[in-house]
Amino acid sequence: MPSQDRVALREAITSLPAYVPGARGGVGRFSYKLSSNENPFPPLPGVLAAVADAAADLNRYPDMYAGELVEAIAALHGVKPGRVVVGNGSVAVLEFVLDAVCETGDEVVYPWRSFEAYPIVVSVAGASGVPVPLLPDGRHDLDAMLAAVTDRTRAVLLCSPNNPTGPALAGDDIRSFLAAVPSHVLVLLDEAYTEFVRDPRAIDGVPLVDDAPNVVVLRTFSKAYGLAGLRVGYAVARTRLADGFRAASTPFGVNALAQVAALESLRERPALLARVDELVAERDRVTSALAAHGWDLPDAQGNFVWFGLGERTSAFAKACVEEGVIVRPFGAEGARVTIGEREANDVVIDVARRFLS
Ligand code: PMP
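Residue numbers (our numbering): 1 to 357.
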């Protein structure tokens with residue numbers, strides 16, 4: 001008799017929304033993947049060489065807390081290494097940050113639509129998600145988010161620039177928000193795409209940690225640094241919080257190859273930021289072409305563009321695939337298209353022109 005499978009999963013787990021990853025390639029050799037906000041540039045030769053070197057020691061565990069990488073990140077931001085906590089992608093960091101602060105039933109306020117991992121990591125942490133709709137122009141509704149804070153709120157997530165809609169938060173708006181939020185509420189500022197931001201009102205969030213002890217800034221090596229496949233992200237926070245996050249993190253959470261690749265990327269940061277400049281120029285070319293065709297898009301400050309197509313979203317995504325470009329549809333809300341290779345971007349411009357009503 002086969003025994004019955006009777007282990008109960010937590011209710012929060014069985015009711016989790018699915019994380020739908022961007023579709024992968026495979027439509028043929030002319031397919032371009034603009035569905036996951038990846039960097040289209042291949043790793044720098046120095047990064048590949050560092051990874052190959054480190055591969056010789058794969059029988060050994062990595063440095064548990066990635067000391068050398070943490071030192072380099074701390075030097076980049078001008079903070080003490082004790083304020084930096086690394087993890088297996090910034091999504092893992094987000095997970096253990098919430099695990100470290102949330103008790104069952106606590107509330108976590110976040111903008112919606114935003115990064116689709118938010119509702120998942122909030123539920124896994126045992127908390128209740130409080131999604132607050134964006135404004136029609138794809139910006140956070142900070143007044144409504146503030147109004148959503150209750151006695152049970154443990155954390156607020158802010159995403160700047162917002163994935164998938166694109167606008168960045170203005171520094172003044174973040175500061176006013178922080179001044180109004182109770183200081184025991186953790187405010188996590190997710191800056192996954194910050195290197196792509198050119199809005200002059202936006203700020204580097206890391207120095208806010210000095211002024212507001214409840215702020216945590218989240219960064220990643222997946223986007224501007226082009227290391228999505230290796231999974232490295234980090235948080236910067238006050239030392240007491242950072243110690244707690246580190247304690248809640250997976251031991252040896254950043255693998256040996258990822259540690260050396262991220263370290264080498266910091267050494268080669270000027271070359272990587274030059275690539276970011278190219279992608280920003282390409283983003284500007286795309287958004288200008290779309291505006292010239294009559295598209296009124298939200299302000300694109302990341303490496304992606306948002307088309308609020310409503311019911312026509314899946315038709316748009318299908319039309320792009322037929323032309324060899326994979327984009328990321330979100331139900332009947334809209335499609336997010338990563339800025340990629342010039343020829344792929346041209347296809348998107350062309351398809352979008354046909355979709356103007
Ligand atoms: N935050 C935002 C806003 C994102 O869009 C992403 C990736 N799509 C992440 C965090 C997670 O990035 P990673 O886990 O690759 O560091």
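Ideal Cβ positions, reconstructed from N, Cα and C, are used throughout, including at glycine. As the structure is a computational prediction, the values presented were derived from the model and not from experiment.
Item	Value
Cα separation between glycine 129 and proline 119?	6 Å
Quick check: the Cα distance between leucine 297 and proline 164, rounded to an integer number of angstroms?	12 Å
Contact between the stretch 151 to 163 and the stretch 106 to 117 is defined here as three or more beta-carbon pairs at a separation below 8 Å; is this criterion met?	yes
Would you list the residues sitting across from isoleucine 326 in a DSSP beta bridge?	Lys33
Are there 16 or more other CB atoms within 10 angstroms of the CB of glutamate 191, so buried, or fewer, so exposed?	buried
Under DSSP, the beta strand (DSSP E) around valine 7 begins and ends at which residues?	Note, valine 7: premise wrong, no beta strand (DSSP E); not H, not E.
For valine 132 versus leucine 98, is the C-beta distance shorter than 9 Å?	no
Count the other C-beta atoms from every protein chain shown that fall within 10 angstroms of the C-beta of serine 222, then say buried if there are 16 or more, exposed otherwise.	buried
Would the C-beta of threonine 220 count as close to the ligand PMP, meaning under 8 Å from any of its heavy atoms?	yes
Taking the alpha carbon of cysteine 159 as the point to measure from, which residue in Ala335, Pro251, Arg354, Asp141 has its own alpha carbon closest?	Asp141
Any chance the stretch 42 to 60 sits against the stretch 260 to 272, with 3 or more Cβ pairs inside 8 Å?	yes
Report buried or exposed for aspartate 173, applying the criterion of at least 16 other Cβ atoms within 10 angstroms of its Cβ.	buried
Valine 79 and valine 286 look like a contact to me (Cβ under 8 Å); what is the Cβ gap, rounded to whole Å?	That belief does not hold up - the Cβ atoms of valine 79 and valine 286 are roughly 35 Å apart, past 8 Å.
Do arginine 231 and alanine 248 have their CB atoms nearer than 9 Å?	no
Per DSSP, valine 149 forms a beta bridge with which residues?	In DSSP, valine 149 forms no bridge with anything.
If we count Cβ pairs, one from each stretch, closer than 8 Å, do we get three or more for the stretch 303 to 317 versus the stretch 4 to 21?	no
In or out: alanine 332 buried (at least 16 other Cβ within 10 Å) or exposed?	exposed
Let me make sure I understand the geometry here. Which of Ser31, Arg6, Ser36 has the alpha-carbon closest to that of glycine 229?	Ser36
Thinking C-alpha only, which one of Pro40, Leu34, Leu241 is nearest proline 21?	Leu34
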